[in-house]
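In the working numbering, the protein residues as written are 1 to 150.
Structure representation (structure tokens):
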């Protein structure tokens, strides 16, 4: 039966991410304060999550976060399935997923439906990022973010 701990449909890491997301939603609903106070708490949660990542994911996430804040200061940062994400009007535009999260070979920069990346009838919505992330890569990511937020 789907959803049980013996179900092979989802890995333990995937189930843990779903639990993290449920906890994030619950925290956001129960957080008291003004919109600015809630945004500050969410941003701190993202900084804490990044600080808790193993290297090289931490360095990559810090760099993506800096690029995001410089390129699209109007977006808010928040946790999304335990990973840093940047949102507009509460909807995730893009996210960073560390390689260690699911034992992957590379980290991922992914874009969600609100991202205005449409290009014909097919376009990429996720990019592999390796520790060799260069200044040229950072420039490309900044351009993608600018395009994503329109």
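Ideal placement from N, C-alpha and C gives every residue a C-beta, glycine not left out.
message = Helix, strand or coil for residue 77? Go by DSSP, reduced to three states.
response = strand
ask   = In the structure shown, what three-state DSSP assignment does residue 44 receive?
value = helix
request  = Report the rounded CA-to-CA distance for residue 86 versus residue 8, giving the unit in angstroms.
outcome  = 31 Å
query = Is residue 133 helix, strand or coil by DSSP?
reply = coil
request  = Apply the 10 Å Cβ neighbour rule to residue 158 and answer buried if 16 or more other Cβ atoms are within range, or exposed otherwise.
outcome  = With the chain covering 1 to 150 only, the question about residue 158 has no answer from this structure.
key: Distance, residue 95 Cα to residue 75 Cα   = 12 Å
message = Check this for me: beta carbons of residue 148 and residue 116, under 8 Å apart or not?
response = yes
ask   = With a cut-off of 8 Å, do at least 3 Cβ pairs link the segment 132-142 to the segment 62-75?
value = yes
ask   = Just to confirm, are residue 91 and residue 46 a CB contact at a threshold of 8 Å?
value = no
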